[in-house]
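Undergrad: For reference, the structure I am asking about is given below.
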Amino acid sequence: MALILAPGALAALHEHARRGYPHEVVGILAGRRDEGRVSRSVPLGNERADRPEDRYQVSGLTLLRAEEALAAEGLEVVGYYHSHPDHPARWSDYDRDHALPNMSYLITAVQGGTIVDTRSWRLREDRSAMDEESIQPTE
Amino acid sequence: MSVSIRIPTALRPYTDGCAAVDVDADTAGAALDALTTAHPRLATHLRGPDGRLRSFVNVYRNDEDIRSLEREATPVKSGDTLVIVPSIAGGA
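Read top to bottom, the protein sequences are chains S and X.
Using our numbering, the first residue of the first sequence is number 1, and each one after it goes up by one.
Using our numbering, the first residue of the second sequence is number 140, and each one after it goes up by one.
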């Protein structure tokens, strides 16, 4: 299934990734899970202060609170986004090892402060790899 | 003793869409084992090949992280709720 992404949500996460460069940024893709449709991207803080240039982390309780706030607006968590500063928009083994199933993982590559590529991935059920899904812009 | 386990959104496809599953157990670890026995597709996402809970899997007994209690040996009693709260992590 393709990830259907509202242009405003994509623009906002790209701006987040540019502003955060050379550190990784992270956030939630919010919308409708059954349709794979993202209407909003929600920036979160990267808690990996020790090596923010190539790692991100968000605690479970922070995520739970964000998910509850979105639910109050009728929005669900469709997936998560993060940036790869000066690195391709492809999943790493570290991404795969920490990924949740049934979620979209959008990665945006930032080269020297410029967005150069954005791709979305989903974890295989056996956790052996992540498979690319197409991104479809929508209104 | 019946303990309710809250299932996060990402894992509900493996519990037939259920947001909570009741199990009989007297420790947090036994409750998680009962959960994965009833819903085997959950197992690989909760525990690594070494059998330990994956680093991004946090488990709360009511409001307390079991890591600050007795980890998987944390006692649970009827009426308690175990909440599985995943964190997210990754990087290039």
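All residues carry an ideal CB built from backbone N, CA and C; glycine is no exception.
Under DSSP, the beta strand (DSSP E) around A159 of chain X begins and ends at which residues?
TA: Here residue 159 of chain X is taken as the residue at index 20 of the second sequence, counted from 1. Looking at the DSSP string, the run of the beta strand (DSSP E) that includes A159 of chain X is 159-163.
Undergrad: Only counting the same chain, and skipping five residues up and downstream in sequence, which positions put a Cβ closer than 8 Å to that of A158 of chain X?
TA: On the second sequence, position 19 is the one that residue 158 of chain X refers to. Taken in chain order, the residues that qualify are R145, I146, R151.
Undergrad: Using the Cβ count rule (16 or more neighbours within 10 Å means buried), how would you classify D155 of chain X?
TA: Position 16 of the second sequence, counting from 1, holds the residue named residue 155 of chain X. Exposed is the call here.
Undergrad: Tell me whether A89 of chain S is buried or exposed, calling it buried when 16 or more other Cβ atoms sit within 10 Å of its Cβ.
TA: Walking along the first sequence from the start, residue 89 of chain S turns up at place 89. Around the Cβ of A89 of chain S, a 10 Å sphere holds 16 or more other Cβ atoms; the residue is buried.
Undergrad: Would you list the residues sitting across from L70 of chain S in a DSSP beta bridge?
TA: Counting from 1 along the first sequence, the entry for residue 70 of chain S is found at position 70. None; L70 of chain S has no bridge partner.
Undergrad: When the Cα of I135 of chain S is compared with those of S:S59, S:R122, S:H16, which residue comes out closest?
TA: In the first sequence, residue 135 of chain S corresponds to position 135, counting from 1. The candidate whose alpha carbon is nearest that of I135 of chain S is S:R122.
Undergrad: Judging by CA-CA distance, which residue of X:G230, X:I227, X:E209, X:D204 is the nearest neighbour of T220 of chain X?
TA: Locating residue 220 of chain X in the second sequence gives position 81, counting from the first residue. Checked all of X:G230, X:I227, X:E209, X:D204; the closest Cα to T220 of chain X is X:D204.
Undergrad: Rounded to the nearest angstrom, what separates Y153 of chain X and H184 of chain X at their Cα positions?
TA: Here residue 153 of chain X corresponds to residue number 14 of the second sequence, with the count starting at 1. Here residue 184 of chain X corresponds to residue number 45 of the second sequence, with the count starting at 1. CA-to-CA, the gap between Y153 of chain X and H184 of chain X works out to about 10 Å.
Undergrad: G229 of chain X touches chain A at which residues, Cβ-Cβ below 9 Å?
TA: The chain inventory of the structure shown lacks chain A, comprising the protein chains S and X.
Undergrad: Keeping to the same chain, check which residues put their C-beta closer than 6 Å to that of R180 of chain X; ignore five residues upstream and five downstream.
TA: If you number the second sequence from 1, residue 180 of chain X lands on position 41. Once the five neighbours on either side are set aside, the close Cβ partners of R180 of chain X are Y153.
Undergrad: Where does I146 of chain X sit, in a helix, a strand or coil, going by DSSP?
TA: Here the question's residue 146 of chain X lines up with position 7 in the second sequence. For I146 of chain X, the secondary structure class from DSSP, reduced to helix, strand or coil, is coil.
Undergrad: Should S194 of chain X be labelled buried (16 or more other beta-carbon atoms within 10 Å of its own) or exposed?
TA: Here residue 194 of chain X refers to the residue found at position 55 when the second sequence is read from its first residue. So S194 of chain X counts as exposed.
Undergrad: Mind checking who D232 of chain X pairs with in its DSSP beta bridge?
TA: Coverage of chain X is limited to positions 140 through 231, which leaves residue 232 of chain X absent and any answer about it impossible.
Undergrad: Using a Cβ-Cβ cutoff of 9 Å, what residues of the region 143-162 of chain X are near chain S? List them in chain order.
TA: P147, T148, A149, L150, R151, P152, Y153
Undergrad: Using a Cβ-Cβ cut-off of 8 Å, state whether H14 of chain S counts as contacting chain X.
TA: Residue numbering aside, residue 14 of chain S sits at position 14 when the first sequence is read from its first letter. So, not an interface residue.
Undergrad: Applying the 10 Å Cβ sphere with the 16-neighbour rule, what's the burial state of N141 of chain S?
TA: With chain S covering 1 to 139 only, the question about residue 141 of chain S has no answer from this structure.
Undergrad: Output yes or no for whether 8 Å exceeds the beta carbon distance between V224 of chain X and N197 of chain X.
TA: Within the second sequence, the letter at position 85 stands for residue 224 of chain X. Within the second sequence, the letter at position 58 stands for residue 197 of chain X. Contact flag set, yes.
Undergrad: Please go through the region 22-76 of chain S and give each complete beta strand (DSSP E) segment of 3 or more residues, from N-terminal end onward.
TA: 26-32, 37-44, 56-58
Undergrad: On the DSSP letters alone, give me the boundaries of the beta strand (DSSP E) that R185 of chain S sits inside.
TA: A question about residue 185 of chain S goes unanswered here, because the residues of chain S that appear run from 1 up to 139.
Undergrad: Which residues in chain X sit within 7 Å of V77 of chain S, going by Cβ to Cβ distance?
TA: The count along the first sequence starts at 1 and reaches residue 77 of chain S at position 77. What V77 of chain S touches in chain X: T148.
Undergrad: What does R127 of chain S reach in chain X if we use C-beta pairs closer than 9 Å?
TA: Here residue 127 of chain S refers to the residue found at position 127 of the first sequence. Simply T183, H184.
Undergrad: Can you name the residues of chain S whose CB is closer than 8 Å to the CB of P225 of chain X?
TA: To locate residue 225 of chain X, count along the second sequence from 1; it is residue 86. Within 8 Å Cβ-Cβ: G60, L63, L100.
Undergrad: Check the Cβ of N135 of chain X against every Cβ in chain S and list those closer than 9 Å, keeping chain order.
TA: Chain X is shown from 140 up to 231; residue 135 of chain X falls before or after that span and cannot be answered.
Undergrad: Would you report the Cα separation of A49 of chain S and Y56 of chain S, rounded to the nearest angstrom?
TA: Mapped onto the first sequence, residue 49 of chain S falls at position 49. Mapped onto the first sequence, residue 56 of chain S falls at position 56. The straight-line gap from Cα to Cα measures roughly 9 Å.
Undergrad: Are the beta-carbon atoms of A76 of chain S and A30 of chain S separated by less than 8 Å?
TA: As a position in the first sequence, residue 76 of chain S is number 76, starting the count at 1. As a position in the first sequence, residue 30 of chain S is number 30, starting the count at 1. Note that residue 76 of chain S corresponds to Glu in the displayed sequence, not to Ala. In contact: E76 of chain S and A30 of chain S (Cβ atoms closer than 8 Å).
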